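Protein chains: 2
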Amino acid sequence: MPENFVVTPWEVTGDIDYERLIEMFGTQKIDSKIISKFVEHTGELHTMLRRGIFYSHRDMDKIFQDVESGAGFVMYTGRGPSGHTHLGHLMPWLFTKYLQDKFGIELYFQMTDDEKFMFNQNLTMEDTRKYAYENALDIIALGFDPEKTHIFLDTEYSNQLYKIAIKVAKKVTFNTTKAVFGFNNSTNIGSIWFTSMQAAPAFLPSVLRGRNIRCVIPCAIDQDPHFRVARDIAEGIGFYKPALLHCKMLPSLAGSDKMSASLPNTSIFTIDKPKDIKKKIGNAFTGGCVSVEEQKVKGGNPDICSVYQYLYYIFEENDAKLEDRKTKCRSGELLCGYCKQYLTEKVVTFIEAHQVRREQAREILEKFMLRDCQGEEK
Amino acid sequence: MPENFVVTPWEVTGDIDYERLIEMFGTQKIDSKIISKFVEHTGELHTMLRRGIFYSHRDMDKIFQDVESGAGFVMYTGRGPSGHTHLGHLMPWLFTKYLQDKFGIELYFQMTDDEKFMFNQNLTMEDTRKYAYENALDIIALGFDPEKTHIFLDTEYSNQLYKIAIKVAKKVTFNTTKAVFGFNNSTNIGSIWFTSMQAAPAFLPSVLRGRNIRCVIPCAIDQDPHFRVARDIAEGIGFYKPALLHCKMLPSLAGSDKMSASLPNTSIFTIDKPKDIKKKIGNAFTGGCVSVEEQKVKGGNPDICSVYQYLYYIFEENDAKLEDRKTKCRSGELLCGYCKQYLTEKVVTFIEAHQVRREQAREILEKFMLRDCQGEEK
């Protein structure tokens, strides 16, 4: 890759050129035609579409055709439970929740506890299972419909998933995984196998219904390689190719790359206390100058500012307010301290309310869980 | 491999040098010390041990230690359900049944329907599932104890197996599978993954019991590579290395290689009719001469005769009778026609009785089956 960035399902580094990613991955830009379909069916234009946060897709035109024909569609998304949930994870889930509300559709939510165990030498199966259930609380806390949302751990639903995954695996060579994921001969055979398990939920709704139904996967674009593989083999095993809706990745508070659970001080977790949030945002990378005096004269640069990015991606839905902030930053009128304080209040308010719902989620968790042996003691 | 034969779990061709295989695979010959342990614990010397049909092992000394200490052991064996059962499959199962009777131990019997689906372009999942249940009838017909014998299909028990298999898979690199199985970059990722599923039942009894128990795997030696991999990683994931008991492979009626389901005319299947058996043995390769006259003068060669091999491996347990037959063959006194007739009668009698028990097995099949969701509708 001659680029200054790396984007794979397991590594995101550098300054990502999202337009270039569309070319590299061979996806399609969410253009005015797709946008107008969203407006037609939802009666509005969601902030994440308006701002190009969800910016790339595959086959969304077919999804809308199936909406219009009455065939319907379902959603699938997932989480690799290697740690606690942070805001970077929540971002696409917020949009997924919105889609569920607007289209009234079912969502299949995969927790890849097998993946995180096999890819990470430091994680045990107990660790990834524990995080999967912790992460599930965050999903439920966002308000997904318990009747239409099915959360499952790969290790708890493998009877169902394995039968689909082996159909996928039969069609995918090691060569393909080398090319798509950058594996080599020292990669463990569980990691090589895993993309079959990540493909399976795209076909699961069709298997459960006994008829093919189209599936769209809202996810950060770093996950696209898995689904490129899934799409390549889908029709050969009798299913529709999954459609995709790709979002950009919430940057870290250090200013570049995606927010990463492995760098806890530059990510805001849903279990963080207000004082942690205040401290992390206080230390965030901004576009400000070295001294207040200098900034009042030269102004700041919101384009490289992680605080601005957080407001842009999630916490300031009002375009006019955001624009005003940008202008005042550039002019030197608005200093970093004020922006950090503003964001801190927004984030603390959000996280505090989230944590209340997160605790309530424990009571209804079981309504959401899909397991091979429902009703049997595990 | 500079040898004149190839032995892998998926390919057996050429004239197998079994002593050389012991060196190549790094196993141990069943020597007088192991033999005397069998005699000590069973009070006899089974034909298949006496004749060196079961001839190689790994860690049988440790199995006998655990018998003597009271720790006990279990057995695991399996079948790749790519077709109907033939005599080559039954041979090690007969010995496995004998061990169950003598030691009163539990047996876990894996049907690798996933393997045969993923390795064979021409087999569907419905095919391999159907054959698994057909093969299960043959296992049960041999008289295994329904209380102590647990048969499972990988696709029906994958919830349990997958959790063990991912622990195995995390420890095995693609390099290892290349070296052990001869895979290459064009191998599908299901095939690469599969050895993890074949390893899992070796550790399953320990998982089910919640304490480690040693496991011995009686199998034809072509399966050893899987368990070499399993043994390498066993202790690293907290289990005992599985012990092995290796047998030679029943030759085909064409005179060399192992009996193969893909060459139906040179194998005798448990569902064959007497007329088929008669015809197949009638066409078998022998060590006889071109004409009866010539054979009466020069004698035959039992060493290369498939009819003799069948008597040696399974159908003539009486050593004196077998020796007498050999002598009379070499002298020209005994002609191929008589031997073929003798073997045909033995095989037809065996298969007819087996087929009766095979039908009865349908009634008790469910007693043997282990599935993820016992009692739930599949």
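Residue numbers (my numbering), protein chains in the order written: chain R, 1 to 378; chain E, 1001 to 1378.
Backbone N, C-alpha and C define an ideal beta-carbon position, used for all residues, glycine too.
From a predicted model like this one, the values you see are computed outputs, not experimental measurements.
Checklist line | Inside the segment 277-354 of chain R only - alpha helix (DSSP H) runs reaching at least 4 residues | finding: 292-298, 306-310 and 319-331
Notebook entry, point to check: How would you list, in chain order, the residues of chain R whose beta-carbon sits under 8 Å from the beta-carbon of E:Lys-1178?
Noted result: Asn-185
Next item on the list: Give the residues of chain R in contact with E:Tyr-1133, contact being defined as C-beta atoms less than 9 Å apart.
Entry: Chain-ordered listing is empty here: chain R has no CB closer than 9 Å to the CB of E:Tyr-1133, the nearest sitting near 16 Å.
Notebook entry, point to check: What is the DSSP secondary structure of E:Ala-1144, reduced to helix, strand or coil?
Noted result: According to the sequence provided, residue 1144 of chain E is Phe. The question's Ala does not apply to it. Correct three-state label for E:Phe-1144: coil.
Checklist line | Contiguous beta strand (DSSP E) assignments of at least 3 residues, all confined to the segment 108-174 of chain R | finding: 149-153
Next item on the list: Verify the CB distance criterion: does E:Glu-1377 have a CB-CB separation below 8 Å to chain R?
Entry: At E:Glu-1377, the pLDDT of 40 sits below 50, so the modelled position is not reliable and the matter cannot be decided from this model.
Note to self: Once DSSP output is grouped into helix, strand and coil, what is the label at R:Ile-192?
What the structure shows: helix
Next item on the list: Using a Cβ-Cβ cut-off of 8 Å, state whether E:Val-1039 counts as contacting chain R.
Entry: False, the Cβ-Cβ gap to chain R never drops below 8 Å.
Note to self: How far does the beta strand (DSSP E) with R:Ser-56 in it extend, from its first residue to its last?
What the structure shows: Note, R:Ser-56: beta strand (DSSP E), 54-58.
Next item on the list: Say whether chain E places a C-beta atom closer than 8 Å to the C-beta of R:Ile-189.
Entry: yes
Item checked: CA nearest to the CA of R:Leu-263, picked from R:Ala-234, R:Glu-68 and R:Thr-85 -> Of R:Ala-234, R:Glu-68 and R:Thr-85, the smallest CA-CA separation from R:Leu-263 is found for R:Thr-85.
Next item on the list: Can you have a look at E:Ala-1179 and say buried or exposed, based on whether 16 or more other CB atoms are within 10 angstroms of its CB?
Entry: Flag for E:Ala-1179 reads exposed.
Notebook entry, point to check: By Cβ distance below 6 Å, which residues in the same chain neighbour R:Glu-377 in space, the five residues on each side in sequence not counted?
Noted result: Its pLDDT being 40, under 50, R:Glu-377 is placed unreliably in this model, and the value from its coordinates should be taken loosely. Excluding its 5 nearest sequence neighbours in each direction, R:Glu-377 has no C-beta neighbour in its own chain below 6 Å.
Next item on the list: Kindly indicate if chain E contains any beta-carbon less than 8 Å away from that of R:Phe-117.
Entry: yes
Note to self: Within 10 Å of its beta-carbon, does R:Gln-223 have 16 or more other beta-carbons around it, so buried, or fewer, so exposed?
What the structure shows: Taking every protein chain shown into account, the CB of R:Gln-223 has 16 or more other CB atoms within 10 angstroms, so this residue is buried.
Margin query: Can you list, in chain order, the residues of its chain with a C-beta nearer than 6 Å to that of E:Ile-1281? Leave out the 5 residues immediately preceding and following it.
Written below: Lys-1340, Leu-1343 and Thr-1344
Checklist line | Contact set for E:Phe-1183: own chain, Cβ-Cβ below 8 Å, skip 5 residues either direction | finding: Phe-1174, Thr-1177, Ser-1191 and Ile-1192
Notebook entry, point to check: Would E:Ile-1140 pass as a contact of E:Phe-1350 if the rule is Cβ separation under 8 Å?
Noted result: Cβ atoms of E:Ile-1140 and E:Phe-1350: not closer than 8 Å.
Note to self: If you measure between the beta carbons of E:Leu-1244 and E:His-1057, is that distance less than 8 Å?
What the structure shows: Result yes, Cβ atoms of E:Leu-1244 and E:His-1057 sit closer than 8 Å.
Next item on the list: Can you have a look at E:Ile-1030 and say buried or exposed, based on whether 16 or more other CB atoms are within 10 angstroms of its CB?
Entry: buried
Notebook entry, point to check: Distance, Cα to Cα, R:Thr-187 vs E:Lys-1163?
Noted result: 19 Å
Note to self: According to DSSP, simplified to helix, strand and coil, what is R:Tyr-98?
What the structure shows: helix
Next item on the list: Measure from the C-beta of R:Asp-276 to each C-beta in chain E and report whether the shortest distance is under 8 Å.
Entry: no
Check: At which residues does the alpha helix (DSSP H) containing R:Thr-47 begin and terminate?
Finding: 47-50 is the extent of the alpha helix (DSSP H) around R:Thr-47.
Next item on the list: Could you tell me which of R:Lys-298, R:Val-348 and R:Arg-20 sits nearest to R:Ile-271, measuring between CA atoms?
Entry: R:Val-348
Check: How should E:Val-1356 be labelled, buried or exposed, when 16 other C-beta atoms within 10 angstroms of its C-beta is the threshold for buried?
Finding: exposed
Item checked: CA nearest to the CA of E:Gln-1065, picked from E:Leu-1087, E:Glu-1040 and E:Leu-1045 -> E:Glu-1040
Item checked: Rounded distance between the beta-carbons of R:Val-74 and R:Cys-215, thought under 8 Å -> 5 Å
Note to self: I'd like the list of long-range same chain contacts for E:Glu-1011, defined as Cβ closer than 6 Å, with 5 residues on each side in sequence excluded.
What the structure shows: none
Check: With R:Asn-212 and R:Phe-239 assumed to form a contact (beta carbons below 8 Å), what rounded beta-carbon distance in angstroms separates them?
Finding: Contact between R:Asn-212 and R:Phe-239 holds: their C-beta atoms lie close to 6 Å from each other, under 8 Å.
Note to self: Quick check on this structure: which residue in R:Leu-87, R:Glu-317, R:Leu-137 and R:Asp-154 has the alpha carbon closest to the alpha carbon of R:Lys-116?
What the structure shows: R:Asp-154
Checklist line | Beta-carbon spacing of E:Gly-1143, E:Lys-1097 below 8 Å | finding: yes
Checklist line | Three-state class that DSSP yields for E:Glu-1377 in the structure shown | finding: Unreliable placement is indicated for E:Glu-1377, whose pLDDT of 40 sits below 50; the coordinate value is still reported in the next sentence. It is coil, neither helix nor strand.
Check: Is R:Met-1 helix, strand or coil when you go by DSSP?
Finding: The pLDDT assigned to R:Met-1 is 48, lower than 50, so where the model puts this residue is not dependable; a value taken from the coordinates is nonetheless given after this. Coil at R:Met-1, not helix or strand.
Margin query: Between which residues of its own chain and E:Tyr-1310 is the CB-CB distance below 6 Å, once the five residues before and five after are set aside?
Written below: Leu-1343
Next item on the list: Would you list the one or two residues that DSSP bridges to R:Glu-359?
Entry: Per DSSP, none; premise fails for R:Glu-359.
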